[in-house]
Amino acid sequence: MIVDSYGKLAFPKGHVRRGEQLGEAAAREVCEELGLCALTLLRRLGTNDIWFRDRFVFKGYLVHKFIHYYLFEVPGNARIQIQPAKDMGERVRRGLWVPIGDVLRRSSYDNMDPIVRQAIKFIERGASS
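With the first letter of the sequence shown counted as 1, position 97 gets the number 97 in my numbering; the numbers rise by one all the way through.
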């Protein structure tokens, strides 16, 4: 997880580049923001539809955004390495590993609860197989 520019615990996110699939964009953003690049896509988790006031590019403007979430697996020896931001967008303050049982409690955004629950359910189902 990341500590975002608001100081809240969240997940990496960003923009989709021209010609990029959503899952590819998600993997690229995780790599760019956390330095975790050896990713295996496990599944799409869902989409949040949000409105917010921009603080960076379109300062003060109301922005409508769709955030698509994916679950990835990383190698057991993977290390988080925060990457410096290349643009004027949101900055990642910190990256951290959070035990799966703590993610729901520690996630700062309520609209993340259904996404996190779906990820936990998928992971627990896989662990019991």
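Quick reminder that beta carbons are idealized off the backbone N, C-alpha and C, glycines included.
- Around the beta carbon of VAL92, a 10 Å sphere encloses 16 or more other beta carbons of the protein chains shown; the residue is thus reported as buried.
- For LEU39, the secondary structure class from DSSP, reduced to helix, strand or coil, is coil.
- Using a C-beta cut-off of 8 angstroms, the region 118-125 makes contact with the region 42-49, since at least three inter-stretch Cβ pairs fall below that distance.
- Under the three-state reduction of DSSP output, GLU32 falls in the helix class.
- Relative to the Cα of HIS68, the nearest Cα in the group GLU124, VAL3, ARG125 and PRO114 belongs to PRO114.
- When DSSP states are grouped into helix, strand and coil, GLY23 belongs to the helix group.
- If you draw a straight line from the Cα of ASN111 to the Cα of ASN77, it is about 31 angstroms long.
- Taking a cut-off of 8 angstroms for Cβ pairs, the region 30-42 and the region 56-64 do not touch, as fewer than three such pairs fall below it.
- Within the DSSP secondary-structure output, GLY95 pairs in a beta bridge with ILE2.
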